[in-house]
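Asks: Converting from the sequence shown to my numbering requires adding 1327 to each position, the first position being numbered 1.
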Amino acid sequence: MFGLVRMWLTGLLAVAVIVGAVLLIRAWSERLPDPRPAPAPIPQDQAQTNPDGIFEQPRPSVERPPPTFGERLSAWRPGADWTTAYLAGGLLLSFLALGGGRGLCLWLLRLKMRSAGDDPRHERDAETRRIVRPDGTELHVEFHGPADGQPIVLTHGWGACATEWYYLRRQLGDRYRLIMWDLPGLGLSNSPKNRDFSVAKLADDLHAVLAEAGGRPAILLGHSIGGMITLEFCKRYQAELSDRIAGLVLIHTSHTNPLLMTKTRWIAAPLQKPIVEPLAYLMIGLSPLVWLMNMMSFLNGSQHSSNHKQLFDGTETWGQLDFVTKYIPYVWPATYARGMLGMFRWDATDALSRITVPTLVVAAAHDKITLPEASEIIRSRCPSARLVTLAPAGHMGLIERHEELGKVVGAFANECASSPVHA
1328 MFGLVRMWLT
1338 GLLAVAVIVG
1348 AVLLIRAWSE
1358 RLPDPRPAPA
1368 PIPQDQAQTN
1378 PDGIFEQPRP
1388 SVERPPPTFG
1398 ERLSAWRPGA
1408 DWTTAYLAGG
1418 LLLSFLALGG
1428 GRGLCLWLLR
1438 LKMRSAGDDP
1448 RHERDAETRR
1458 IVRPDGTELH
1468 VEFHGPADGQ
1478 PIVLTHGWGA
1488 CATEWYYLRR
1498 QLGDRYRLIM
1508 WDLPGLGLSN
1518 SPKNRDFSVA
1528 KLADDLHAVL
1538 AEAGGRPAIL
1548 LGHSIGGMIT
1558 LEFCKRYQAE
1568 LSDRIAGLVL
1578 IHTSHTNPLL
1588 MTKTRWIAAP
1598 LQKPIVEPLA
1608 YLMIGLSPLV
1618 WLMNMMSFLN
1628 GSQHSSNHKQ
1638 LFDGTETWGQ
1648 LDFVTKYIPY
1658 VWPATYARGM
1668 LGMFRWDATD
1678 ALSRITVPTL
1688 VVAAAHDKIT
1698 LPEASEIIRS
1708 RCPSARLVTL
1718 APAGHMGLIE
1728 RHEELGKVVG
1738 AFANECASSP
1748 VHA
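1. Less than 8 Å between C-beta atoms, sequence neighbours within five positions excluded: which residues of the same chain meet that for S1680?
2. May I ask which residues mark the beginning and end of the alpha helix (DSSP H) holding P1605?
3. According to DSSP, is L1732 part of a helix, a strand, or is it coil?
4. For A1545, report the span of its beta strand (DSSP E) as first-last.
5. Verify whether the separation of the beta carbon atoms of A1769 and I1556 is less than 8 Å.
6. Can you check whether the CB of Y1493 is closer than 8 Å to the CB of P1447?
7. Report the CB separation of V1480 from L1548 in whole angstroms; it is logged as a contact under 8 Å.
8. Given a threshold of 16 other Cβ atoms within 10 Å of its Cβ, counted over all protein chains shown, does N1521 qualify as buried or as exposed?
9. Once you ignore the five residues that flank E1730 on each side, which residues in its own chain have a CB closer than 6 Å to its CB?
10. Please state if the CB of W1355 and the CB of G1417 are separated by a distance shorter than 8 Å.
11. Under a Cβ-count criterion, where at least 16 other Cβ atoms within 10 Å of its own Cβ denotes burial, should K1636 be classed as buried or exposed?
12. Between the Cα of D1475 and those of D1501, V1658, E1491, E1643, spot the shortest distance and give me the residue it belongs to.
13. Would you list the one or two residues that DSSP bridges to W1409?
14. Quick one: residues in its chain with C-beta nearer than 6 Å to the C-beta of P1699, no 5 flanking neighbours on either side, listed in chain order?
15. For a test of the three-state rule: what should DSSP assign to M1723, helix, strand or coil?
16. Can you tell me whether DSSP reads Y1494 as helix, strand or coil?
17. Hey, how far is the Cα of Q1565 from the Cα of L1515?
18. Kindly indicate which residue of P1360, W1403, F1625, A1701 has the alpha-carbon position closest to the one of L1648.
19. Under 8 Å by Cβ, that's how I've got V1688 and R1665 pegged, so tell me the actual separation to the nearest angstrom.
20. Counting pairs of beta carbons, one from the region 1714-1726 and one from the region 1603-1622, are three or more of them closer than 8 Å?
21. By DSSP's criteria, R1457 is part of a beta bridge. Which residues make up the other side?
22. Just to confirm, are I1506 and V1684 a CB contact at a threshold of 8 Å?
23. Would V1526 and M1667 qualify as a contact pair, given that the criterion is a beta-carbon distance under 8 Å?
24. In chain order, what residues of the same chain have a beta carbon less than 6 Å from the beta carbon of I1655, not counting five sequence neighbours either side?
25. In this structure, does DSSP put I1594 in helix, strand or coil?
26. Quick one: give me the first and last residue of the alpha helix (DSSP H) that A1535 is part of.
27. May I have the straight-line CA-CA distance separating H1632 from E1398, to the nearest angstrom?
28. Can you give the Cα-Cα distance for G1605 and D1361, rounded to whole angstroms?
29. Considering only the alpha carbon of each residue, which of G1541, G1574, E1539 lies closest to S1745?
30. From A1347 to L1419, what does the alpha carbon distance come to, in whole angstroms?
31. What number of angstroms, rounded off, separates the C-alpha of M1328 from the C-alpha of Y1663?
32. In angstroms, rounded to a whole number, what distance separates the CA positions of K1562 and G1554?
33. According to DSSP, simplified to helix, strand and coil, what is W1403?
34. In angstroms, rounded to a whole number, what distance separates the CA positions of L1495 and I1345?
35. Give the range of the beta strand (DSSP E) segment to which L1717 is assigned.
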């Protein structure tokens, strides 16, 4: 719900900023002075009387042409008046809407954020491969690390792409074979022709990516919807877990419809059918308009402000915030909405007790999108699960607390690689 509603709210705010700028500048232009001299009054004895006995000034024989905008502008002088205020307001809103807002927002946030020289970047410098799926999807897959290293398949969160793993790639890429892929319709992967973005379909795609591990038992690591896809994989391919999977890492994720595990679930769940799902379908139908709104909200800084409040716990650097927000202009709204609809119709609670492979569950102490309660439920119901909580951290704790995450994932991967079952 957060993602859909935030897109609409920030988009509508961006439109309001543009409309406000246009109206203010229009009001300014309408109040520019008329540079033409006023006509000289006609003497009383030359005036004409109308049928009611009222004197009227006769109209000039030649109508004067209206002044051009340039003539009116030349006659105007700024001052402490409403005309100048309208122009100043319109220019300020235009500045915010066309990119100044992003810079201003980042500057203000930088005043209270810590700085770091190790901010993430959207890098694509790896060995790549394309996997063609029966539904027309072409999955973009990247490989990092030694070919004979322990395979780890990384599945990113919704709305992002494989560049989300910037920190983990640097922390683990020298020891493990990292297999990172872009989910359909995101990053460099195209969308399925049948527009199926269900979690089950994405789990089947993960199954295809797993084949790139070369038959060696792999660790499946997923963030947010990536963790949901991993759980659905376990549900659909349970017979393969003992032979093909060395372990699971589930980061800031849920075992069921995420609306039931969000901070606002008290209102999100009841509004799913009457409000949230119609908003998703409306986003699909109005994708070009919503994309334009998203771009404007990115430029005016409202997306940065929203992500700062909703996705982090306030300890992120300004570079990390900008990194996450830069995903917004590259996500087609229809793709985003269809993926959200797929999550609303998903549940894997009944499969948790049948997952016996080693499982590391990573929660974020102040996650507003997926409450830590969801991680606790997964840990309590999976026989071989353990729980680690990152703090302080929000839903993007994998970036906000990347050093701690890299250490716990690295230690867990070492255990899986040396396990007698998979050694």
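Cβ atoms here follow ideal geometry from the backbone N, Cα and C, with glycine treated the same way.
Replies: Quick answer:
1. Same-chain partners within the cutoff: R1708, C1709, P1710.
2. Residues 1604-1612.
3. In the structure shown, L1732 sits in a helix (DSSP, three-state: H, G or I).
4. A1545: member of the beta strand (DSSP E) spanning 1545-1550, first to last residue.
5. Within the shown structure, residues of the chain are numbered from 1328 to 1750, placing residue 1769 beyond reach of any answer.
6. A distance below 8 Å separates the beta carbons of P1447 and Y1493.
7. Right, their Cβ atoms sit about 7 Å apart.
8. The residue in question, N1521, is exposed, as its Cβ has fewer than 16 Cβ neighbours within 10 Å.
9. Close CB contacts of E1730 within its chain, under the 6 Å cut and outside five residues either way in sequence, are absent.
10. Contact flag set, yes.
11. Exposed, by the Cβ-count rule.
12. Relative to D1475, the option among D1501, V1658, E1491, E1643 whose CA is nearest is D1501.
13. Residue pairing for W1409: DSSP places it in no beta bridge.
14. Same-chain partners within the cutoff: A1690.
15. If DSSP states are grouped into helix, strand and coil, M1723 belongs with coil.
16. Looking at Y1494 - three-state DSSP - the assignment turns out to be helix.
17. Cα to Cα, Q1565 sits roughly 29 Å from L1515.
18. Of the listed residues, the one whose Cα sits closest to L1648 is F1625.
19. The beta carbons of V1688 and R1665 sit about 28 Å from each other, so the pair does not count as a contact at 8 Å.
20. Taking a contact to require three or more Cβ pairs closer than 8 Å, the region 1714-1726 and the region 1603-1622 do not qualify as touching.
21. DSSP output for R1457 lists H1467 as bridge partner(s).
22. No; because the gap between Cβ atoms is not below 8 Å, this pair is not in contact.
23. Inclusion of V1526 and M1667 in the CB contact set at 8 Å is not warranted, their separation being larger than that value.
24. Closer than 6 Å at the Cβ level, and outside the excluded window around I1655, lie N1621, F1625, Q1630.
25. Shown here, I1594 sits in a helix according to DSSP, grouped into three states.
26. In this chain, the alpha helix (DSSP H) harbouring A1535 covers 1526-1537.
27. First, the amino acid is wrong: residue 1632 is Ser here, not His. Taking the straight line joining both Cα atoms gives about 42 Å.
28. Position check: residue 1605 holds Pro in this sequence, whereas Gly was assumed. One C-alpha to the other measures close to 51 Å.
29. For the residues G1541, G1574, E1539, the minimum Cα distance to S1745 belongs to G1574.
30. The residue you asked about is not Ala; residue 1347 is Gly in the sequence shown. Near 10 Å, if we compare the C-alpha coordinates of L1419 and G1347.
31. With a pLDDT of only 49 at M1328, under 50, the local geometry of the prediction cannot be trusted, and no value is derived from it.
32. Looking at the two C-alpha atoms, the distance is approximately 12 Å.
33. Annotated three-state conformation of W1403 is coil, per DSSP.
34. Their backbone Cα atoms lie some 40 Å apart in a straight line.
35. Here the beta strand (DSSP E) through L1717 covers 1712-1717.
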